[in-house]
Amino acid sequence: MVFYPIADTLVMKAKLLFLGVLLLGCESPRLPRPKAYPRLTLPDTGRYDTLDCPICPMRFAYPAYAKLHYVPKDSCWFDIYFPDLDAYWHITAHDLHTLHKTPGKALETYRKLIYKHAIRATDIMERSIRGPHGKGFFYEIYGDAPTHALLFYTDSVRYALMIASYFKVAGAEDSLAPVIDRMKYELQRIYPTITWRPVELTRTRTCF
């Protein structure tokens, strides 16, 4: 058995105590890291192209930094894609006479679809809008739902248009806030430019 002098033992204990204090003092407290989101560069706005397709019952201006994506060949259902923002507008337009529906019935149908988003939304705000050639409603959807804004517009007689602004995949609302705000801004600039015209059934029945 080995015996150490009392003085040496006290020195060793003091060194260990000092080392422990030093390590504790150097260890920084663990704080939760703030969420990091990719930096977004919004494209310049102010330039617009005109949607003018014979099989669609309307014309309107849309941002020049967007691209048209045609979906079917026999109806006015298509997407407008914003590649810089990875966002979409889904366009659905109808000649209500062919559907045997009134504008009020069309709005009722669309409204049911809109409020299906309430499952994932924290809130849905609805407000009436009016333009030179019609009226309708603008919806803002809050929360982590893929769709964040919708526009319903009609001439109150024959034609109805629905535009849904959405992302392919739902994301955190705060991280997408700049894009959502831009899409809402552009969508609200559209309805004053909407004009109506009879559908022309062309041989190819396509515009894109």
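Take 66 as the starting number for the sequence shown in this note's numbering and just add one per residue.
Using N, Cα and C, we set each Cβ at its ideal position, and we do this for glycine too.
Inset, instruction - State buried or exposed for residue 110, treating a residue as buried only when at least 16 other CB atoms are found within 10 Å of its CB. - result: Counting from 1 along the sequence shown, the entry for residue 110 is found at position 45. With fewer than 16 neighbouring CB atoms inside 10 Å of its own CB, residue 110 falls in the exposed class.
Legend entry - Rounded C-alpha distance that separates residue 128 from residue 159: Your numbering for residue 128 matches position 63 in the sequence shown. Your numbering for residue 159 matches position 94 in the sequence shown. Distance between the alpha carbons of residue 128 and residue 159 is about 22 angstroms.
Legend entry - For residue 249, the nearest candidate out of 203, 257, 261, 259 (CA to CA): The residue you call residue 249 lines up with position 184 of the sequence shown. That would be 203, whose Cα lies nearest to the Cα of residue 249.
Legend entry - DSSP state of residue 134 mapped onto helix, strand, coil: Locating residue 134 in the sequence shown gives position 69, where the first residue counts as 1. Residue 134: strand per DSSP, three-state reduction.
Legend entry - Identity of the residue in 146, 240, 262, 188 nearest residue 131 by Cα: Sequence index remark: in the sequence shown, residue 131 carries index 66 (1-based). Cα-wise, what sits closest to residue 131 is 146.
Legend entry - Backbone CA spacing between residue 209 and residue 169 [nearest angstrom]: Here residue 209 refers to the residue found at position 144 when the sequence shown is read from its first residue. Here residue 169 refers to the residue found at position 104 when the sequence shown is read from its first residue. Each residue's Cα considered, the two are about 29 angstroms apart.
Inset, instruction - Below 8 angstroms on the Cβ atoms is my guess for residue 261 versus residue 198; work out the distance and round it to an integer in Å. - result: Residue 261 sits at position 196 when you count from the first residue of the sequence shown. Residue 198 sits at position 133 when you count from the first residue of the sequence shown. Yes, residue 261 and residue 198 are in contact; Cβ-Cβ is about 6 angstroms, under 8 angstroms.
Inset, instruction - Tell me whether residue 167 sits in a helix, a strand or coil according to DSSP, three-state version. - result: By one-based count along the sequence shown, residue 167 stands at place 102. If DSSP states are grouped into helix, strand and coil, residue 167 belongs with coil.
Inset, instruction - To the nearest angstrom, report how far apart residue 94 and residue 108 are at their CA atoms. - result: Indexing the sequence shown from 1 puts residue 94 at position 29. Indexing the sequence shown from 1 puts residue 108 at position 43. Residue confidence is low: residue 94 scores 46 on pLDDT, short of 50, so the model does not pin down where it sits. Its coordinate-derived value is still stated next. Going by the C-alpha atoms only, they are around 41 angstroms apart.
Legend entry - Contained alpha helix (DSSP H) runs [length at least 4] in the stretch 142 to 207, N- to C-terminal order: If we require 4 residues or more, the alpha helix (DSSP H) runs fully inside the stretch 142 to 207 come out as 161 to 164, 168 to 180.
Inset, instruction - Have a look at 192, 212, 116 and flag the residue whose alpha-carbon is nearest the alpha-carbon of residue 179. - result: Against the sequence shown, residue 179 aligns to sequence position 114. Nearest of 192, 212, 116 to residue 179, Cα basis: 212.
Legend entry - Selected residue, minimal CA-CA separation from residue 242, among 206, 157, 141, 133: Position 177 of the sequence shown, counted from the start, is the residue given in the question as residue 242. Measuring C-alpha to C-alpha distances from residue 242 to each of 206, 157, 141, 133 identifies 206 as the nearest.
Inset, instruction - Consult DSSP for residue 246 and reduce its assignment to one of helix, strand or coil. - result: For this step, residue 246 is matched to residue 181 along the sequence shown. DSSP places residue 246 in helix when its eight states are reduced to three.
Inset, instruction - Identify the continuous beta strand (DSSP E) that holds residue 230 and give its terminal residues. - result: Within the sequence shown, numbered from 1, the residue matching residue 230 stands at position 165. Unbroken beta strand (DSSP E) run through residue 230: 224 to 231.
Legend entry - Residues of its chain near residue 223, where Cβ-Cβ distance is below 7 angstroms and the 5 sequence neighbours each way are ignored: Counting from one through the sequence shown, the residue named residue 223 turns up at place 158. Shown here for residue 223: same chain residues with a beta carbon closer than 7 angstroms to its own, the five before and five after excluded, namely 160, 161, 162 in chain order.
Inset, instruction - Go to residue 117, then tell me how far its beta strand (DSSP E) extends in each direction, as first and last residue. - result: Counting from one through the sequence shown, the residue named residue 117 turns up at place 52. 113 to 117 is the extent of the beta strand (DSSP E) around residue 117.
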